[in-house]
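Undergrad: Below you will find the structure I want to go over with you.
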Amino acid sequence: MRPEPIFGMMAEFDTPTDVVVAAQRTTEAGYIRIDAYSPFPIEELAEAIGFHKNGVALITLIGGILGMCGGFMLQWWINTISYPVNIGGRPPNSWPAFIPVTFEMTILFAGLSAVFGMLVLNGLPMPYHPVFNVPRFELVTKDKFFLVIFSSDPRFDTIKTRAFLEGLGAKSISEVPS
Amino acid sequence: MVRPTEVEEGEDKAPVLAPGHSFASITDKISGLVLKRPLHLGWVAGFFVSFMVMQGVLFGATYLFVKGVGIWGVNIPIGWGFAIVNFVWWIGIGHAGTLISAILLLLRQSWRNSINRFAEAMTLFAVAQAGVFPLLHLGRPWVFYWLFPYPNTMGYWPNFRSPLVWDVFAVSTYFTISLVFWFIGLIPDLASLRDRTDNSFIRFTYGMLAMGWRGSARHWARFETAYLLLAGLATPLVLSVHTVVSFDFAIGIVPGWHTTIFPPYFVAGAIYSGFAMVLVLAIPIRKFYGVKDFITDRHLENSAMVMLATGLIVAYGYGMEAFMNWYGGNPYENYLRWARLHGPYAPWYLALLFFNIFLPQILWIRRIRTNPVWLFLISMDVLVGMWLERFIIVVVSLTRDFTNSAWGMYYPTRWDWAVLMGTLGMFCALMFLFVRLLPMISIFELNTLLPEAEVKHK
Amino acid sequence: MMEEKNRKQHVEAVCPSKKDKLDLETARARIAETKGPEYWRSLEELAGSTEFQEMMHREFPKGASEWADSVSRRGFMKLMGASLAMAGMTACTKQPLEPIVPYVQQPEEVVPGRPMFFASAFSLGGYASPVLVESHLYRPTKVEGNDKHPASMGGTDVFAQASVLDMYDPDRSQNVTYRGELSTWGEFMVAMRDPLIAQNAANGAGIRILTGTVSSPTLADQFAQIRSRYPEAKWHVYEPVNRDNVIAGAQMAFGQPVETTYKFDAADVIVSLDADFLYAGFPGTTRYARDFAKRRNPDAGNMSRMYVIESTPSSTGAKADHHLPVRASDIEPFARALVSGLGSAGGGGSLKGGQQKYLDAIVKDLQSHRGSSVVIAGDHQPPAVHVLVHAINQSLGNVGKTVFYTEPVNANPINQTDSLKDLIADMRAGKVQMLVIAGVNPLYDAPPDLGFADALKSSNIPLRVHLGLYQDETSQYCHWHINEAHYLESWGDARAYDGTVSIVQPLIAPLYGGKSVYELMALFAGQTEATGHGHVQNYWRSKHTGADFDAFWRKSLHDGWIEGSTFEPKSVTAKGAAASSATSQNDNSIEINFRRDPSIYDGRFSNNGWLQELPKPMTKMTWDNPLLMGPAMAERMGVKTQDLVRLELNGKNLTVPVWIQAGHPDYSVTCFLGYGRARAGRVGTGAGFDMYPLRFSATPWFTTGVKISKAGGTYLLASTQGYQTMETQDGDNRPLVRTRSLDEYQKEPNFAQEGNPPPELTLYPGYDYAKEPYAWGMTIDLNACVGCNNCILACQSENNIPIVGKEQVNKGRHMHWLRVDAYYQGDRDNPKAYFQPVPCMQCENAPCELVCPVGATTHSSEGLNDMVYNRCVGTRYCSNNCPYKVRRFNFFLFQDWETPQFKMMRNPDVTVRSRGVMEKCTYCVQRINHHRIDSEVAGRKIADGELQTACQQSCPANAISFGNINDKNSQVSKQKSNQRNYGLLQDLNTRPRTTYLAEIRNPNPELEA
């Protein structure tokens, strides 16, 4: 009889250091489809699982540029093309007066793209995820750290991987059902 | 997150975080305030009172819509009264929150980690109060949306040369950015609350708000980038907002308004009053919610020092303004300087100088800086002083402008006061709800302050 | 209080039938309860009340009320119908039945949207102000001066301007009433038949008719006819503000009551002894202002010099080159000294210190200008002063050159106080069977010592008839009240100050079906068949000698005056002045002056909101009549403005607030008549303080011996001007009104240009207005402006400007688009005073436009600072940023949107503004567009002078020029090229289109030294 398919193998650790070290070992061991979980951000951890750069900054930059151009063009178009009026003897394109709004639009668009870029890239919102099926995983928002090797990893093998993780000094190992 | 650095751990200074805490204890303590703490009579009473006071703004607004803006003390020449004074005051208060969460973050001031959450909440609620006034003070509030550039059948647009339109953009941007900044900062803690409770309804609610946050290292990396970028954006934003607000006056030609010193001096004033409000909130909260471990005397002292510094900038602003009025040789400006000191509003101006400049100087004394009671009183005093400053700038300048024949006086009516009090009530009511329903201190950021949070390299 | 009670009891005695039933009086009381701004409310509210329906009920034939008991449905419906008909009555207008002749030729039919103009005349105190009335679809909307008439030349006075509001006043009496109950003209005529028959037998011995001053030839003729029918009947005349002293003076000097007129444009030196001849109410003021201003141009080289010796600061005093405040009782000694100084008889008398040097200078100046000077005395100065002045003018040879004597304009030039005394004596003696009081209100304004009220109340006069525009104090003690027709509703005629007769044309059929005094008098003259039109026309037909009467009639109506009716100057010689009658007053006994009010005259305009809210020329006070007091005296008494003081005179007490008036003579106070009305209407009732109780028949204008003591407490006074000097307390002096003496001006002609920014002083490329066909601009000549307030009311009437009530004025929310600032400079006891009209400056670099977030105020290609009411959201930022503070904001719904009468009154070319929007002067853009359309239809440009703004048009002194500054030959361009031309606060580089010509005074060098 075949074992029912699982989502991955999860190892639990007590300290940031342990999980980071474990993650480094895991990547060195050639695992690529892995992820680590922690209650608070640990820069080294992302490095350790081989996650080096994310696209949020780029998206923010693009958003900012769009906001800036859009903001100024809107004002320029309104005052010179759509409905030019003589306001206190000022010329239609009194650009110095358009700077503040242009600036605010830049910030607004950049900020919103940063937030939504982050959420989209993170695939959030995602109320369900297999890792939640592991009872102890709720401690990830308290004081425990987890390392998961996904079953989709080419080197994944239920027995070997569990042994490997035990070798990393995990507090406990549990299968993540899918 | 920001980690404590050796520099800050001076011998004589109180720690940012009291010793003896672990990830678990911090998490349990803070989430417990929301999930386990029973409903105290104090909270109910406080919320009820502020809710009742809040009716002032509701009744005031209703009567205003029925009768017209004439129910206030505004007139010709004093076209702007309490409404604008309060608007500027509330916006200013908001600034401290952004300063703490953004600027101190960039400056790697780790002590901000334990006060930024409610400081940001304070920002949001203060800006919400501020937002009430520009709407109410319109002669025809029901067409306020004409200030936004939307395609319309009139084929006509707002006048982008007017500082009021800049205000619309600045304040709405400020509110939006503060909101998302505050919210994404909440996501990991909401997840934490989700995982701490056994009540399925609460779990569902917080779970939905947490959007399924699971603390993945990849998520944390992107989260960190976005959070830093937002901080980087919010920093110039917060400076620009009060600059634009100061343009409302600096662009005008009214003596007492038309001066280039306004932007820096408004921003300083904003932070001044903002930190005063932070202390006014923090001191009772840390007492009644027993979080002295997280909001330590260190925080109070640092805030006090920021107040002292910004207060001195404000003092410089007053001095320089008066000096330029005299030195610039503009008779109208010069007369306004005279009128402030000797005119019918002289008592208000002297009170302002006392509240804002002289009294806060006792913060130079360390014992006072570290004494919560004193700090609380001085913060109150600064809040009043900063309100007076706006009154002097907005109202008194208008009472004595270019044409002698058009000089006037301004007398606030009961409705002016009702709306001001009402917004105070609304602000407090919102704060009560916040401390009850959301983690008032950032759990995950506080965790990073623990030594265990560091990855030790072998 | 007590009096109030007595009156009530008495009313019930007179009209026993009215217990707990609503008669007009209580209806009025009901309405009168609503005060302040919300007084502008319609009758409908009242129509809802059951009492009102009950009152309507009374209108139905007797018996109708019997079968219809108040609860029966049908009766109710009927009453509702009636009351609504009543309420809606005013919603339709009829043109008069008789042919009226438009002033300028118009198409055959009325063209909607095109106003027509009709010549008519407004009379005050018997003197006619010739006017043109603008009529939209037979609704008179605006009164303007008759530019062809020598007495107007296009100018008006404030009372004429405001008269259109009176016509539409919803508080006007709308019915004939008998004993307070509704009745009809028909019933009145029936009721009069038997008494008149009875009087016929008695030669009319019981008939007494009391009117105001009459100059109408037709009316005079009617009285003649009445006398021929009833030889014993008596015609009495009394107005509280009368010219008894002038007439008595003329009698003493010439033995006949001649009229004195002046040619100020021929006068090099003017000496006014307490004569305020530049403000409305003085006969001929409109023409005098024009003539005076003509000689005040420093660039013409023959600028006149004026000395004003006066007892209370006036706009005439403000324009004087030398102003000498003295007590009214010190004028006569001064006049005597003047006479002796000029070396003629009847002089003598010593002068108080300080006055002598003025006297010497004046004497010298007069002697060097024989035949080209004017000495003029105030109406309220005793006859002796007038005699002296006649002597002076004669000795100076001014008669026939600058001073003229003509037949009296007054058709019945008797001493009015004596006339009233006689009447009261007869009333007391029971000789009066039938008392007709036409158009006057003696119960309110008769001298208290004569006891007119008691004489009238004692009901031994079987028939008392009152004709009046309002149900006033007097009407409530008369059996019959006839609602009078306004002059805009009725035919008539009247003489201007120079005797020229104007025909009064009705613009509209009587709104409330009133009757004119002609129609009432016809009843006694036995002309019951003819209409008002008939009386006037018949009279002139009888006087007409030429062939074609119809042509003559048509021309007279069209021009507004009858050719050749002007009085010819008479040559009369003045007797020398009588010896001094005046006992020299104790310097420290306090003198009190009684003056007509600058805004509401003698009280007859109390219910006119425009006039009540019109800032008085010197104090800028509205809605009140405080006691004026000099600074020195106030200091001695330790009182401040708004403090209450108790006045005590001949055993009568009054408590009134104080207004400290710079330049008011010491040991003297001035109070103004006409306030404190008990039955004026919703506007006037209760405003201010009634001063008549202190005004005794022997001393109608001033008297000494009044006791003044602090009463404690204060009273709110609403003034529209924040600060009345250009000197700021930090020692700076703001050049708002730029002024020099004539010599200084000749030395330094460009003084007004200082601080004028160079045209290239701008960051931005300026807008090129030169390429436009028109660029509108305005100049205001401060030298010509006499502070008469006409422009304010003309603007209010033209632009549908609401009034806001005392409380709102006090808050600083008055709505006048154009204000006239009064500034005092120098010595507080005798300051120099300046007037400065301030409309919108129409800045080319308008600060207001820049800051409006919704672009509700923008600039037109022709340089107008347009205000788009519909776009305004009401941030008030524009007003804050306006350095001139000429913008006005509707803090509430100030405008009355309900009352149908006011809907009809408004100028249909001007938006009626709503709550929450900003408004301001637009250079009368509706007039600009009107003329633009006409000129484009005609394929030409708007000619210079063809287009006038309302303020410009009404200005009697021609101080305002308006036109196209792109046209270098236009009047306004010439003015702007004058070196006196400067922009207000021009150092702000707002580039105002409205500019001022600096004020130049022409002081006597000897006195300056």
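Protein chains in written order, with the working numbering: chain A, 1 to 178; chain B, 10001 to 10458; chain C, 20001 to 21009.
Each residue gets a CB set at the ideal place from its N, CA and C atoms; glycine is no exception.
1) Got a sec? Which residues, its chain only, sit under 6 Å from ASP10248/B by beta carbon, not counting five neighbours each side?
2) Could you tell me whether any non-hydrogen atom of the ligand SAH is closer than 6 Å to the CB of ASN10152/B?
3) For ASP20330/C, which of THR20316/C, GLY20354/C, GLY20343/C and LEU20342/C has the nearest alpha-carbon?
4) Sort out for me which residues DSSP pairs GLU20999/C with in a bridge.
5) I'd like to know whether the C-beta of MET20904/C is nearer than 7 Å to at least one C-beta of chain B.
6) Is the CB-CB distance between ALA10024/B and ASP143/A below 7 Å?
7) Under 9 Å, CB to CB, which of the residues in the segment 20140 to 20166 of chain C have a partner in chain A?
8) At what residues does the beta strand (DSSP E) containing HIS20859/C begin and finish?
9) If we cut at 7 Å on Cβ distances, does ARG20991/C have a partner in chain D?
10) By Cβ distance, which residues of its chain are closer than 7 Å to LEU10281/B, with the 5 residues on each side in sequence left out?
11) By the 9 Å beta-carbon criterion, what residues does the segment 85 to 102 of chain A contribute toward chain C?
12) DSSP on TYR20487/C, reduced to helix/strand/coil?
13) Pairing CB atoms from the segment 20232 to 20240 of chain C with CB atoms from the segment 20256 to 20275 of chain C, are three or more of them under 8 Å?
14) So for SER20215/C, helix, strand or coil by DSSP?
15) Which class does ASP20597/C belong to by DSSP, given the choice of helix, strand or coil?
16) Could you spell out where the alpha helix (DSSP H) holding GLN20901/C opens and where it closes?
17) State yes or no: is the beta carbon of VAL10016/B nearer than 7 Å to at least one beta carbon in chain A?
18) Would you mind working out which of GLN20952/C, PRO20140/C and GLN20174/C sits nearest GLN20505/C, comparing C-alpha positions?
19) So, is LEU20351/C buried or exposed, given that buried needs 16 or more other C-beta atoms within 10 angstroms?
20) Going straight from the alpha carbon of GLY10328/B to that of LEU10124/B, what length do you get?
21) Determine the DSSP secondary structure at ASN20410/C, reduced to helix, strand or coil.
22) When DSSP builds the beta bridges, which residues end up paired with THR20875/C?
23) DSSP three-state call for PHE20404/C: helix, strand or coil?
24) With which residues is ASP20821/C paired in a DSSP beta bridge?
25) Would you kindly work out how many angstroms separate the C-alpha atoms of ARG25/A and ARG136/A, rounded to a whole number?
26) Within a Cβ cutoff of 6 Å, which residues of the same chain sit near HIS20136/C, ignoring the five residues on either side of it in sequence?
27) Beta-carbon within less than 6 Å of SER20681/C's beta-carbon, same chain only, minus the 5 sequence neighbours each way: which residues are those?
28) At 9 Å on the CB atoms, spell out the chain B contacts of TYR31/A, in chain order.
29) Given that SER20879/C touches chain B, what residues does it touch there, using C-beta distances under 8 Å?
30) Measuring alpha carbon to alpha carbon, tell me which residue in SER20914/C, THR20261/C and LEU20716/C is nearest ASP20643/C.
31) Which whole runs of the alpha helix (DSSP H) in the segment 10099 to 10136 of chain B are 4 residues long or more, in chain order?
32) Could you round the C-beta distance between PHE146/A and TYR37/A to whole angstroms and report it? I think they count as a contact, below 8 Å.
33) Classify VAL20190/C as helix, strand or coil using the three-state DSSP reduction.
34) Cβ of TRP10338/B less than 7 Å from any chain A Cβ?
35) Against chain A, does SER10192/B count as a neighbour if the rule is that its beta carbon must be under 7 Å from one of theirs?
36) Could you tell me which chain B residues have their CB closer than 7 Å to the CB of GLN20721/C, listed as they occur along the chain?
TA: If we stick to the structure as given:
1) PRO10163
2) The ligand SAH is not part of the structure shown, which contains no ligands of any sort.
3) GLY20354/C
4) THR20739/C
5) no
6) yes
7) none
8) 20857 to 20859
9) Looking for chain D here will not work: the only protein chains present are A, B and C.
10) PHE10118, MET10122 and MET10431
11) VAL85, ASN86, ILE87, GLY88, GLY89, ARG90, PRO91, SER94, PRO96 and ALA97
12) helix
13) no
14) coil
15) strand
16) 20900 to 20905
17) no
18) PRO20140/C
19) buried
20) 40 Å
21) coil
22) Beta-bridge pairing links THR20875/C to no other residue.
23) strand
24) GLN20836/C
25) 23 Å
26) PRO20115 and PRO20908
27) Correcting the residue type first, residue 20681/C is Gly in the shown sequence and not Ser. Cβ within range, chain order: ASP20171 and ASN20607.
28) Those do not exist, as TYR31/A stays about 14 Å from chain B at its closest Cβ, beyond 9 Å.
29) ILE10076, PRO10077 and GLY10079
30) LEU20716/C
31) 10116 to 10136
32) 4 Å
33) helix
34) no
35) yes
36) SER10405
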